[in-house]
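Peer 1:
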Amino acid sequence: MAIFTESFTIPVMLTMCSTIFLCGSSAVFDYPAAFNFGDSNSDTGELVAGKGFSLALPYGQTYFKTPSSGRFCDGRLIVDFLMDAMGKPYLKSYLDSVGNPSFRKGCNYAAGGSTVLPATAASVSPFSFGVQVNQFLHFKSRVLQLRAKGNRKIDKFLPVEKYFMKGVYMFDIGQNDLAGAFYSKTLDQILASIPTILAEFEAGLQRLYEQGARNFWIHNTGPLGCLAQNIAKFGTDPSKLDEFGCLISHNQAAKLFNTQLHALSKKLQAQFADGNVIYVDIYAIKSNLITNYSQLGFEQPIMICCGYGGPPLNYDSRVGCGQTKTLNGTVVTAKGCDNSSKYINWDGIHYTEAANKYVSSQILTGKYSDPPFSSHNLNQLV
38 MAIFTESFTI
48 PVMLTMCSTI
58 FLCGSSAVFD
68 YPAAFNFGDS
78 NSDTGELVAG
88 KGFSLALPYG
98 QTYFKTPSSG
108 RFCDGRLIVD
118 FLMDAMGKPY
128 LKSYLDSVGN
138 PSFRKGCNYA
148 AGGSTVLPAT
158 AASVSPFSFG
168 VQVNQFLHFK
178 SRVLQLRAKG
188 NRKIDKFLPV
198 EKYFMKGVYM
208 FDIGQNDLAG
218 AFYSKTLDQI
228 LASIPTILAE
238 FEAGLQRLYE
248 QGARNFWIHN
258 TGPLGCLAQN
268 IAKFGTDPSK
278 LDEFGCLISH
288 NQAAKLFNTQ
298 LHALSKKLQA
308 QFADGNVIYV
318 DIYAIKSNLI
328 TNYSQLGFEQ
338 PIMICCGYGG
348 PPLNYDSRVG
358 CGQTKTLNGT
368 VVTAKGCDNS
378 SKYINWDGIH
388 YTEAANKYVS
398 SQILTGKYSD
408 PPFSSHNLNQ
418 LV
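For the sequence shown, the numbering used here assigns the number 38 to the initial residue and increments by one for each residue that follows.
Here it is as structure tokens:
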């Protein structure tokens with residue numbers, strides 16, 4: 038979901054009850070494997086490996102203690118907490134070949150900056166949704182070829198054939214298509230482009246279904262008007278902001294996108310008669326977090342943790358998180374804050390680990406999904 042247009046620039050109440058289950062009425066999120074498609078909100082190293090660059094501290098400082106995980110966050114992402122809920126290892130990115138990675142429990146094709154629509158020469162990521170689907174289909178074909186040869190040495194590294202049907206296919210993509218468009222299009226043009234974006238998304242899901250995918254887990258897009266990067270660029274006129282300081286136009290685009298994505302999900306629920314299509318309202322969860330941040334243990338709903346410039350946004354597009362540059366003759370560094378758990382936004386684009394943990398806890402209640410699920414009926418779906 039995250040836009041990446043710039044240069045590479047919890048409290049106790051949210052604590053996990055165990056590494057597999059979340060507190061209260063949370064779901065038992067249980068699949069044998071997961072295959073993830075998306076952008077930097079769920080990228081676990083794909084863009085870093087694919088384009089051959091490195092992130093610097095303070096990326097990764099909260100959990101991994103190193104930026105080498107390739108995550109655009111201070112720690113774990115929503116997809117990491119969902120893998121925790123399944124009791125599975127964190128997903129390795131498809132292109133990260135170093136360290137003898139295991140893909141037995143799934144693979145991650147998400148790459149920062151990716152869009153649903155095909156990439157252009159100006160795109161941050163060449164790994165658009167169609168390319169990610171192609172990568173998966175190549176991966177599956179090679180796995181089946183190698184397994185057909187009867188080589189038992191690959192068992193601990195590659196999924197068994199039934200995992201491709203029994204596994205969950207997770208999607209969190211589309212925000213870059215919308216947010217990036219604001220740099221060159223009017224709001225009306227952006228709203229008119231949404232059916233084209235979703236037609237491309239539907240075509241990719243159809244290809245996966247034809248290749249045996251049956252469990253689809255679709256995240257809608259979040260309130261991109263509440264991201265500091267967008268506010269800094271397009272929100273200098275206070276009349277363009279709502280009562281929470283978020284861009285009205287950007288959130289309007291996100292809401293229409295989500296309405297049409299929900300309709301597509303309902304269509305596929307009927308069309309994929311032997312499949313399961315679950316639509317997850319990430320927008321509602323994140324909006325609730327932003328509007329009720331104080332009650333949820335946070336102190337900053339929009340101002341970012343890792344940036345430069347101070348309040349109200351602490352964001353400067355000229356110097357990204359972890360970078361040191363000379364601005365107007367002065368050497369400045371975009372540093373991380375002292376306590377990222379008090380911030381929702383990490384770097385102006387992506388959420389902190391603490392915020393991701395909260396979002397994941399709400400996803401796993403099943404209340405924000407269509408169809409809704411509980412620990413009982415989710416097991417039936419699997």
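For every residue, glycine included, the Cβ atom is placed at its ideal position computed from N, Cα and C.
Are the segment 168-184 and the segment 114-128 in contact at 8 Å, needing three or more beta carbon pairs?
Peer 2: no
Peer 1: Quick check on this structure: which residue in Glu83, Ile381, Thr258 has the alpha carbon closest to the alpha carbon of Ser331?
Peer 2: Ile381
Peer 1: Which same chain residues, not among the five before or five after Asn329, have their C-beta less than 7 Å away from its C-beta?
Peer 2: none
Peer 1: Is it the case that the CB of Gly107 approaches a heavy atom of the ligand ADP more closely than 7 Å?
Peer 2: Among the components modelled here there is no ligand, and therefore nothing to report on the ligand ADP.
Peer 1: When you compare only the Cα positions, how much space is there between Arg184 and Cys283?
Peer 2: 51 Å
Peer 1: Indicate the three-state DSSP secondary structure (helix, strand or coil) for Cys144 in the structure shown.
Peer 2: strand
Peer 1: With DSSP collapsed to three states, give me the class of Val369.
Peer 2: strand
Peer 1: Can you list, in chain order, the residues of its chain whose CB lies under 6 Å from that of Val49, leaving out five sequence neighbours each side?
Peer 2: Only weak support exists for where Val49 lies, its pLDDT of 32 falling under 50; the value from the coordinates is given anyway. Correct list: empty, nothing qualifies.
Peer 1: Look at the alpha carbon of Gly211 and the alpha carbon of Pro260, and state the distance between them as a whole number of angstroms.
Peer 2: Cα-Cα distance, rounded: 12 Å.
Peer 1: Where do the ends of the alpha helix (DSSP H) carrying Asn188 lie?
Peer 2: Premise fails: Asn188 is in no alpha helix (DSSP H) and is neither H nor E.
Peer 1: Could you pull the DSSP bridge partners for Ala86 from this structure?
Peer 2: None, per the DSSP bridge assignment.
Peer 1: Please list the terminal residues of the continuous alpha helix (DSSP H) segment that includes Met202.
Peer 2: Boundaries of the alpha helix (DSSP H) harbouring Met202: 200-203, taken from the DSSP string.
Peer 1: Among all the DSSP beta bridges, which residues are the ones paired with Ser406?
Peer 2: Val317
Peer 1: From the DSSP output, in three-state form, read off Ser79 for me.
Peer 2: coil
Peer 1: From what residue to what residue does the beta strand (DSSP E) around Phe253 run?
Peer 2: 252-256
Peer 1: So what does DSSP say about Lys277, is it helix, strand or coil?
Peer 2: Note: Lys277 maps to helix in three-state DSSP.
Peer 1: Judging by CA-CA distance, which residue of Ala156, Ala218, Ile255 is the nearest neighbour of Val205?
Peer 2: Ile255
Peer 1: So, using beta-carbon positions, are Glu83 and Leu154 closer together than 8 Å?
Peer 2: no
Peer 1: Taking the continuous beta strand (DSSP E) assigned at Lys362, which residues delimit it?
Peer 2: 361-364
Peer 1: Pick out whichever of Gly150, Leu333, Pro275 has its Cα sitting closest to the Cα of Lys323.
Peer 2: Check the Cα spacing between Lys323 and each of Gly150, Leu333, Pro275: the tightest is with Leu333.
Peer 1: Which stretch, first to last residue, makes up the alpha helix (DSSP H) that contains Asp117?
Peer 2: 115-123
Peer 1: Per DSSP, what kind of secondary structure is Ala93 in: helix, strand or coil?
Peer 2: coil
Peer 1: Leaving aside the five residues before and after His387 along the sequence, list all residues of the same chain whose C-beta is less than 8 Å from its C-beta, in chain order.
Peer 2: Ala39, Ser77, Asn78, Phe109, Cys110
Peer 1: Determine the extent of the alpha helix (DSSP H) in which Pro232 is found, giving its start and end residues.
Peer 2: First-last of the alpha helix (DSSP H) with Pro232: 224-247.
Peer 1: Measuring only the C-alpha atoms, how far is Ala21 from Leu224?
Peer 2: Since the first and last residues shown for the chain are 38 and 419, residue 21 lies out of range.
Peer 1: Mind checking whether Leu240 and Tyr352 have CB atoms under 8 Å apart?
Peer 2: One point to set straight first is that residue 240 is Ala, not Leu, in the sequence displayed. Their beta carbons are not under 8 Å apart, which means Ala240 does not touch Tyr352 by this criterion.
Peer 1: Is it right to say Gly107 is buried, meaning 16 or more other beta carbons lie within 10 angstroms of its own, or is it exposed?
Peer 2: Classification for Gly107: buried.
Peer 1: Could you tell me if Thr367 is buried or exposed, where buried requires 16 or more neighbouring beta carbons within 10 angstroms of its beta carbon?
Peer 2: exposed
Peer 1: Please name the residue in Met207, Tyr131, Leu132 whose C-alpha comes closest to that of Leu245.
Peer 2: Met207
Peer 1: Alpha carbon to alpha carbon, how far is Trp383 from Gly136? Give it in angstroms, no decimals.
Peer 2: If you take the alpha carbons of Gly136 and Trp383, they lie about 28 Å apart.
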